[in-house]
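Report on the following structure.
Residue numbers (my numbering): 1471 to 1649.
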């Protein structure tokens, strides 16, 4: 993979060591946008000491697309009915600064895009993300997507009106849509 090779050369030139999965995540987050990839890479190398190490955690902390990537990861886990890992992915998003309302809004948008692709309608965005949405929608299926949209709308309303913790409500949402 050409982009991965450029990232590795850049890190080596900067005197840094790296984990392969960190480089893979960085390339995935860039989604084929080489300029964006180099921008993320510059942020990472500038924030590290010379001779530093770049691991998965460093990429997740500094890559600006991580929240969007986190939603894809969360949806992948939900689509595979992996409730516990999905909760961990949500907790990771919260730990990195996302809030319950923001996650629910991103989930709503994501689920609507999944429905659009199942209906054969165009989904805006970078081809990498659009392909990911299409793959998730196929795995998830129309019935589950429509049901998830209903659950997401209910959770959004409950977050506004309920006295229950927003994080509790989102965790409950994840449990509901991961079935």
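The beta-carbon is built from N, C-alpha and C at its ideal position, and this holds for glycine as well. This structure is a prediction, so every number in the text was calculated from the model and none was measured.
Segment limits, alpha helix (DSSP H) that includes residue i
| i | result |
| --- | --- |
| residue 1636 | 1636 to 1647 |
| residue 1485 | It is not in any alpha helix (DSSP H) - residue 1485 carries neither H nor E in the DSSP assignment. |
Assumed close pair residue i, residue j - CB separation to whole angstroms, cut-off 8 Å
| i | j | result |
| --- | --- | --- |
| residue 1584 | residue 1606 | 6 Å |
| residue 1524 | residue 1481 | 6 Å |
| residue 1575 | residue 1586 | Actually they are not in contact, since the Cβ atoms of residue 1575 and residue 1586 sit about 17 Å apart, beyond 8 Å. |
| residue 1511 | residue 1526 | That pair is no contact at about 15 Å. |
| residue 1644 | residue 1636 | Residue 1644 to residue 1636, Cβ: 13 Å. No contact. |
| residue 1556 | residue 1548 | 5 Å |
Identity of the residue in the options nearest residue i by Cα
| i | options | result |
| --- | --- | --- |
| residue 1551 | 1611, 1498, 1490, 1524 | 1611 |
| residue 1619 | 1565, 1528, 1515, 1581 | 1581 |
| residue 1530 | 1479, 1489, 1545, 1553 | 1489 |
| residue 1578 | 1622, 1592, 1509, 1566 | 1622 |
| residue 1613 | 1599, 1649, 1486 | 1649 |
| residue 1513 | 1477, 1616, 1560, 1545 | 1477 |
Counterpart residues of residue i in DSSP-defined beta bridges
| i | result |
| --- | --- |
| residue 1524 | 1488 |
Open item on the list: Runs of 4 residues minimum, wholly inside the segment 1596 to 1631: which ones carry the alpha helix (DSSP H) assignment?
Closed with: 1597 to 1610, 1612 to 1631
Open item on the list: Restricting to runs no shorter than 4 residues, where is the alpha helix (DSSP H) found entirely within the segment 1528 to 1597?
Closed with: 1536 to 1549, 1553 to 1565, 1570 to 1588
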